[in-house]
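Read in order, the letters of the sequence shown are residues 12 to 84 in this note's numbering. Reviewing the structure listed below.
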Amino acid sequence: MCTTSEPTPTALRGRARQENLAGINRRLSRPDLSPGKRAKLEVQRRLLRAAIERSWIESSSRPYQPRQSVATR
Numbered sequence: 012m013c014t015t016s017e018p019t020p021t022a023l024r025g026r027a028r029q030e031n032l033a034g035i036n037r038r039l040s041r042p043d044l045s046p047g048k049r050a051k052l053e054v055q056r057r058l059l060r061a062a063i064e065r066s067w068i069e070s071s072s073r074p075y076q077p078r079q080s081v082a083t084r
């Protein structure tokens with residue numbers, strides 16, 4: 012049973028992803044980061060961003076449907 016005050020698992024996952032992204036950005040802003048670590052973090056950030064965008068697309072209320080013009084009916 013899920014009450015409305017609790018965040019849904021997907022919302023929780025989305026928030027966790029965004030906090031994770033913020034943490035990666037924070038670590039990337041450090042000047043003393045080695046080039047190898049920086050590259051690894053940039054890859055993680057790119058993957059995480061793609062996952063967030065994909066989840067936004069999936070969670071949108073209506074799936075994308077191209078609108079049909081009235082003229083073709």
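Just so it is clear, CB atoms sit at the ideal spot from N, CA and C, and this is done for glycine as well.
* Asked: Thinking just about the alpha-carbon of each residue, which of Trp67, Leu52, Arg26, Ala61 is nearest to the one in Arg37?
  -> For this step, residue 37 is matched to residue 26 along the sequence shown. Of the listed residues, the one whose Cα sits closest to Arg37 is Leu52.
* To do: Entirely within the region 38–78 and at least 4 residues each: give me those alpha helix (DSSP H) ranges in chain order.
  => Secondary structure remark: continuous alpha helix (DSSP H) runs of at least 4 residues inside the region 38–78, in chain order: 46–70.
* To do: Evaluate the contact criterion for the region 39–53 versus the region 63–73: three or more CB pairs, one atom per stretch, below 8 Å.
  => No, they do not touch.
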